[in-house]
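A quick write-up on the structure given underneath.
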Amino acid sequence: MFEEAAFPGALPMLAKPELAQHAAMPQSHTLRGEDIVYVDNTPYRRHPRGGGLVALTATVANRVVIAKTAMVKDHAVVVGNVRLFDRVVIEDRAIVADGCTLRGDSSVGGDAVLRGSVQLSHQARVDGAAHLSGNVKLQHYAHVRQGTLVGGLVIH
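Shown next, in the form of structure tokens:
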């Protein structure tokens, strides 16, 4: 159910009673029958498709796939046929929609919007007020902070 190595500092909802005395955060919480996991005092639930962590303040569609080691944080929105693999993080007020695929240690934050068939991999980062749509691929530490990228682009 829970792997400490995937999220250091995280505590599962149903911690062993002998460990509860050492924890500074709540150990027991249920939301609609789901197990709640705390990471840095923020409550998360496991997503049904893949087991990744989703903050209770985030919005994620049921059809999205989130790998067990991926996270959707803060007030991020992830909808459509999005697939989040590996150690991907979606945070802040970012929106990822349609058929986007994110891999590796890539991340999206700020007020960024990704739509269409956007692909991120190899620690690519999109944040700020950036908007990407269409068949855009960001790879190998590429970082987009502002502006709009549309169409068949590959950025390394």
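Under numbering that gives the first Met the number 0, residue 155 is the last one in the sequence shown; the count climbs by one each step, no gaps.
Heads up, the beta-carbon is just placed ideally off N, CA and C, and yes, glycines get one too.
From a predicted model like this one, the values you see are computed outputs, not experimental measurements.
(request) Just tell me which of Val107, Asn134, Arg86, His142 has its CA closest to the CA of Gly151. (result) For this step, residue 151 is matched to residue 152 along the sequence shown. Comparing Cα-Cα distances from Gly151 to each of Val107, Asn134, Arg86, His142, the minimum goes to Asn134.
(request) Classify Ala96 as buried or exposed, calling it buried when 16 or more other Cβ atoms lie within 10 Å of its own Cβ. (result) Walking along the sequence shown from the start, residue 96 turns up at place 97. Buried.
(request) Could you give the DSSP three-state label for Leu137: helix, strand or coil? (result) Position 138 of the sequence shown, counting from 1, holds the residue named residue 137. Strand.
(request) Rank Gly108, Val117, Val53, Asp85 by C-alpha distance to the C-alpha of Val153 and give the top, closest one. (result) In the sequence shown, the residue the question calls residue 153 occupies position 154. It is Val117.
(message) If we require 3 or more residues per run, which beta strand (DSSP E) segments fall completely within the segment 78–151?
(response) 130–132, 135–137, 147–149
(message) Distance check for Leu119 and Arg82, CA to CA, integer angstroms please.
(response) Here residue 82 corresponds to residue number 83 of the sequence shown, with the count starting at 1. Here residue 119 corresponds to residue number 120 of the sequence shown, with the count starting at 1. So the alpha carbons of these two residues sit roughly 11 angstroms apart.
(message) By alpha-carbon positions, which one of Gly146, Tyr140, His121 ends up nearest to Ser132?
(response) Locating residue 132 in the sequence shown gives position 133, where the first residue counts as 1. Per the Cα distances, Gly146.
(request) Return the residue from the list Cys99, Leu137, Ala111 that minimises the CA-CA distance to Val64. (result) By 1-based counting over the sequence shown, the position of residue 64 is 65. For Val64, the nearest C-alpha among the options comes from Cys99.
(message) Here's the rule: buried if 16 or more other CB atoms are within 10 angstroms of the residue's CB, otherwise exposed. What is Leu55?
(response) As a first step, residue 55 must be located in the sequence shown, where it is residue number 56. Label assigned to Leu55: exposed.
(request) Name the residue from Leu137, Arg48, Ala123, Glu90 whose alpha carbon lies nearest to the alpha carbon of Ala57. (result) Your numbering for residue 57 matches position 58 in the sequence shown. That would be Glu90, whose Cα lies nearest to the Cα of Ala57.
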